[in-house]
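J.: Take the sequence shown: its letters are residues 277 to 508, numbered as in the working numbering.
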Amino acid sequence: MITTIALSAFIAAAGAWIGKRAISDHRASLAKRRGLLDEAARSFPDARISFAPDHFPILVSRLEDGRQVRIELLADTMVTRRLPQLWLRVTLSEVSERSRPAIGVLARPTGAEYYSLVHDLPEWMAPPQMDASVLMRGDGRATACQVERAIAIFRNLFSDPALKEAVISPRGTRVIRQVAQGERGAHLLLRQIRFAVTTISADLVSKAVAEAQSLSEALAAGGAITAVHEAA
């Protein structure tokens, strides 16, 4: 009888400790998330940081030419047989809408990319030959010359396997890069989303912004037609 009571007390105490530790770990994880873009923010004098419902930061700033840049982190758990992915999404919004078509490429498509703009484009296009499988789509307005120029820059960008998506649109451009994979133990045993990163380096963010800028110049022919505030 005493042994049973002692065992029950031990189990209750252990359960309480585990619960308290889980809450503490969760709070620490959320606090770490909120600081992931702090280093990158120092590269933008007028950076404004807000937080998504999942506590990942969103950084908004402007480049010297007045264009808005929006930097976000996305935790992707949609593919069941793959570890969670942490994506860096950089959206560069034009000051005014450009008279150019929308074209985008998505690497290693699964159909579960809820964050993808490429899936929303109406026209399938023959993709460039690359090492990874890619999906290329557009809005049907590109000329043969524009397609050729876009393919050239997409082929160059996607030589980096960390690149997931690149999109050119009249309103702006977007680049999505892989930052990290989820920790296997936390995901398989506890179904938790943990990434072994403490900061997103300013260099990585600068690289993604530069890629978005290069996409913006890829189909630079044509002028501005309508003022807008957000990228596609």
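For every residue, glycine included, the Cβ atom is placed at its ideal position computed from N, Cα and C.
Predicted, not measured: the structure shown is a model, and the values here were computed from it.
In three-state terms, what does DSSP make of LEU339?
T.: coil
J.: Would the segment 483 to 490 and the segment 441 to 460 be scored as touching if the rule is three or more Cβ pairs under 8 Å?
T.: yes
J.: Using the DSSP secondary-structure output, state which residues sit across from THR449 in a beta bridge.
T.: LEU368 and ILE444
J.: Using 8 Å as the threshold, is the segment 337 to 348 in touch with the segment 365 to 384, meaning 3 or more CB pairs across them?
T.: Proximity of the segment 337 to 348 to the segment 365 to 384 meets the contact definition, three or more beta-carbon pairs being nearer than 8 Å.
J.: Closest to LEU397 by CA distance: which of THR386, ARG384 and LEU411 is it?
T.: LEU411
J.: Just how far apart, CA to CA, sit HIS331 and LYS308?
T.: When rounded, the distance between both Cα atoms is 9 Å.
J.: Using only alpha-carbon positions, find the residue among THR474, MET406 and ARG413 that is nearest to GLU399.
T.: ARG413
J.: Excluding the 5 residues preceding and the 5 following THR449 in the sequence, name in chain order all residues of the same chain whose CB lies nearer than 6 Å to its CB.
T.: LEU368, ALA488, LEU491 and SER492.
J.: Classify ILE294 as helix, strand or coil using the three-state DSSP reduction.
T.: Here the model assigns ILE294 a pLDDT of 44, short of 50, so the residue's position is not dependable, and the following value carries that caveat. Correct three-state label for ILE294: helix.
J.: Name the residue from SER482, VAL455, ASP479 and ASN432 whose alpha carbon lies nearest to the alpha carbon of PHE471.
T.: The shortest Cα separation from PHE471 among SER482, VAL455, ASP479 and ASN432 belongs to VAL455.
J.: At a cut of 8 Å, does the segment 373 to 386 reach the segment 414 to 432 through at least three beta carbon pairs?
T.: yes
J.: Could you give the distance in angstroms between the alpha-carbon of PRO403 and the alpha-carbon of PRO437?
T.: Here the C-alpha atom of PRO403 lies approximately 16 Å from the C-alpha atom of PRO437.
J.: How is SER326 classed by DSSP in three states: helix, strand or coil?
T.: strand
J.: Excluding the 5 residues preceding and the 5 following ILE476 in the sequence, name in chain order all residues of the same chain whose CB lies nearer than 8 Å to its CB.
T.: Residues of the same chain with a CB within less than 8 Å of the CB of ILE476, apart from the 5 flanking positions on each side, are LEU312, LEU313, GLU315, ALA316, LEU349, LEU364 and VAL455 in chain order.
J.: Note down, in chain order, each residue of its chain lying with its Cβ closer than 7 Å to the Cβ of ALA496, except the 5 sequence neighbours on either side.
T.: Within the same chain, ALA496 has no close Cβ partners at all.
J.: Mapping the DSSP letters down to three states, classify GLU493 as helix, strand or coil.
T.: Three-state DSSP puts GLU493 in a helix.
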